[in-house]
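Sequential numbering from 37 applies to the sequence shown in my numbering. Where a beta carbon is used, it is the ideal one built from N, C-alpha and C, also for glycine. It should be emphasised that the depicted structure is a prediction, and the values quoted were computed from it without experimental measurement.
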Amino acid sequence: MDNLTHSLVAVSLGRVGLREKVPGGTLSLIAAANLADSDVVSSFWGHLYYLTYHRGFSHSIAGTLVLAALLTVFLWLIGRSRAHPASFGQISLAVFGTAATHPLLDLTNSYGVRPFLPFLERWYYGDLVFIVDPYLWLILGGAVFLTGQWSRPGKAAWAAVAALGSLILVLAARSFGLWIPLAIWLAGVGAILFAKKRQIVFPGSLAAFALAAVVIYWGFLGAIHWLTLREVYPEVQARYPGIGRDAVSVTPRPANPFQWDLFIETPDEVGYGRAFSFSSQSSRFEMIPRNQDNPVAAAAASTCPGAVFTRFARFPVFDVSEAKGGAVVTIEDVRFTRQGRNPRFGSITIRLDSADAIPCPDVGVEPKTAPHLQTNREIGE
Numbered sequence: 037m038d039n040l041t042h043s044l045v046a047v048s049l050g051r052v053g054l055r056e057k058v059p060g061g062t063l064s065l066i067a068a069a070n071l072a073d074s075d076v077v078s079s080f081w082g083h084l085y086y087l088t089y090h091r092g093f094s095h096s097i098a099g100t101l102v103l104a105a106l107l108t109v110f111l112w113l114i115g116r117s118r119a120h121p122a123s124f125g126q127i128s129l130a131v132f133g134t135a136a137t138h139p140l141l142d143l144t145n146s147y148g149v150r151p152f153l154p155f156l157e158r159w160y161y162g163d164l165v166f167i168v169d170p171y172l173w174l175i176l177g178g179a180v181f182l183t184g185q186w187s188r189p190g191k192a193a194w195a196a197v198a199a200l201g202s203l204i205l206v207l208a209a210r211s212f213g214l215w216i217p218l219a220i221w222l223a224g225v226g227a228i229l230f231a232k233k234r235q236i237v238f239p240g241s242l243a244a245f246a247l248a249a250v251v252i253y254w255g256f257l258g259a260i261h262w263l264t265l266r267e268v269y270p271e272v273q274a275r276y277p278g279i280g281r282d283a284v285s286v287t288p289r290p291a292n293p294f295q296w297d298l299f300i301e302t303p304d305e306v307g308y309g310r311a312f313s314f315s316s317q318s319s320r321f322e323m324i325p326r327n328q329d330n331p332v333a334a335a336a337a338s339t340c341p342g343a344v345f346t347r348f349a350r351f352p353v354f355d356v357s358e359a360k361g362g363a364v365v366t367i368e369d370v371r372f373t374r375q376g377r378n379p380r381f382g383s384i385t386i387r388l389d390s391a392d393a394i395p396c397p398d399v400g401v402e403p404k405t406a407p408h409l410q411t412n413r414e415i416g417e
């Protein structure tokens, strides 16, 4: 999730009572909630370093415990120097609880996390919430804003957040047709401003209700996700008899819980398209070859850049072409390159004669075979 959402969760937890448990109050909780993203420094060394280390150890169970422990000790030492009344146990409870929300939130989207590093490399995907969700901003931000007393700079900061959110929604509406989410956002912001203007008093427990509303929202999305998969699977199975249920995935689209990106995996192809919830409209999808058995593609996957990228990619496909000087292989992660997301982020081009020139972390990874292939081959046989 975006760091604004992580921060709003931290502030909401502070309103529930955790800010009194740590030196530094709300700012310390915000630090705990965002500490896992310290791994973004890996991007300074190159794209493959980022793919390797982002949402890696710092987002794992072990990494969360380590980072939270370090922050706890740091805050405890500060508290001792300033005679803060919170005990080590209280600081630990606040920091560990807040830090744990980061990987939990990130698990809900389709980028995924690796919670069992360094013992298990496997990615896990919640596929419920898009990486930026304006409804979470409304729920959490509204509760925080309505239960606080804000100075002029504070009001200006909130105005900037509302303006930025509105701009993002306007751009998304123009790009993806999200006019209804834009209307909901504007109506929500208007209602929040109206309540604040009328000086309606809200209890501090409103933040707790907001956090509970987020959990209910996840449950709502989980139910829709399950029902959508149940509707889509027979359509896919009609075209590919014997395909396993775990070979069909639907992932969230921006701000629309009733439209999903659809992905299908067979031994030799990856499908992508659109799935619709509670609609008579049939799912649409197109299949493209994996091409992973091509000897040149296999050679590219065995290089350091190829191995690192295929370990990250959820739906990898290979394109082999000839250029002056030798073969060129482009590896795509279909979830980024074919659904209007970020093609540059979700692909890598490798020249076999110069693969060593690409900055690549030497972590000894082996190229990943696509998930579900063994299962599907067994079914097909």
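Boundaries (first-last residue) of the alpha helix (DSSP H) holding residue i
i	result
Asn-70	61-70
Asn-292	That residue, Asn-292, is in no alpha helix (DSSP H); its beta strand (DSSP E) goes 292-301.
Gly-309	Run containing Gly-309: none in the alpha helix (DSSP H); it sits in the beta strand (DSSP E), 305-312.
Arg-51	39-52
Val-165	Premise fails: Val-165 is in no alpha helix (DSSP H) and is neither H nor E.
Trp-194	188-212
Thr-108	97-117
Pro-341	340-348
Asp-142	124-143
Thr-88	83-89
Phe-155	Unbroken run through Phe-155: none, as it is neither H nor E.
Gly-178	178-182
Residues bridged to residue i (per DSSP)
i	result
Arg-387	Val-364
Gly-229	For the record, residue 229 in the displayed sequence is Leu; it is not Gly. Note: Leu-229 sits in no beta bridge, so no partner.
Gly-280	According to DSSP, Gly-280 bridges with nothing at all.
Val-353	Glu-368
Val-149	Tyr-160
Glu-358	Ala-363
Rounded Cβ spacing between residue i and residue j (contact assumed at less than 8 Å)
i	j	result
Ile-167	Val-58	Not confirmed; about 28 Å, so no contact.
Ser-439	Phe-294	Since the first residue of the chain shown is 37 and the last is 417, residue 439 is not available in this structure.
Leu-153	Ala-98	7 Å
Val-268	Val-286	7 Å
Thr-302	Ile-324	The Cβ separation is near 11 Å, so there is no contact.
Ala-135	Thr-100	5 Å
Trp-221	Thr-264	With 8 Å as the limit, Trp-221 and Thr-264 do not qualify as a contact, their Cβ atoms being about 23 Å apart.
Phe-299	Val-365	That pair is no contact at about 22 Å.
Close beta carbons around residue i, own chain, < 6 Å, minus the five adjacent residues each side
i	result
Leu-87	Phe-348
Glu-368	Val-353 and Ser-383
Ile-66	Ser-43 and Ala-46
Leu-129	none
Gln-410	Unreliable positioning characterises Gln-410 in this predicted model, as indicated by a pLDDT of 38, which lies under 50. The coordinate reading is nonetheless provided below. Correct list: empty, nothing qualifies.
Thr-108	Ile-127, Ser-128 and Val-131
Arg-413	Confidence is the limiting factor: at Arg-413 the pLDDT is only 32, short of 50, which leaves the residue's position unreliable and the question unanswerable from this model.
Leu-40	none
Beta-carbon proximity list for residue i, same chain, < 7 Å, skipping 5 on both sides
i	result
Glu-417	Legend: pLDDT at Glu-417 = 31, less than 50; position of this residue unreliable, no value from coordinates given.
Pro-341	Leu-84, Ile-384, Ile-386, Ala-391, Ile-394 and Cys-396
Ser-48	Leu-176, Ala-179, Val-180, Ala-243, Ala-246 and Leu-247
Ala-335	Leu-388
Ala-209	Trp-215 and Leu-218
Asn-378	Phe-372
Thr-183	Arg-51, Phe-238, Gly-240, Leu-242 and Ala-243
Glu-322	Gly-307, Tyr-308 and Gly-309
Phe-124	Trp-112
Asp-38	Ile-167 and Val-168
Gly-82	Pro-395
His-408	Here the model assigns His-408 a pLDDT of 43, short of 50, so the residue's position is not dependable, and the following value carries that caveat. Cβ neighbours of His-408 beyond the five flanking positions: Gly-280, Asp-282, Ala-283 and Glu-301.
Pro-170	Gly-201, Leu-205, Pro-217, Trp-221 and Ala-291
Trp-194	Phe-181 and Trp-186
First and last residue of the uninterrupted beta strand (DSSP E) at residue i
i	result
Ser-285	284-289
Glu-271	No beta strand (DSSP E) holds Glu-271; the alpha helix (DSSP H) holding it covers 242-275.
Asp-392	No beta strand (DSSP E) holds Asp-392; DSSP gives it neither H nor E.
Pro-325	320-325
Whether residue i touches residue j by CB criterion (8 Å)
i	j	result
Pro-290	Phe-351	no
Leu-214	Leu-205	yes
Asn-327	Val-356	yes
Val-165	His-95	no
Pro-277	Asn-145	no
Ala-72	Pro-151	no
Gly-255	Leu-174	no
Asp-142	Arg-188	no
Val-131	Ala-104	yes
Thr-346	Ala-337	yes
Asp-329	His-261	no
Neighbourhood of residue i by C-beta, 8 Å cutoff - its chain only, sequence neighbours within 5 removed
i	result
Ile-114	Pro-59, Gly-60 and His-120
Gly-362	Arg-387, Leu-388 and Asp-389
Thr-62	Ala-46, Val-47, Gly-50 and Arg-55
Ile-415	The predicted model places Ile-415 with a pLDDT of 29, which falls under 50 and marks its position as unreliable, so this point remains unresolved.
Gly-258	Leu-164
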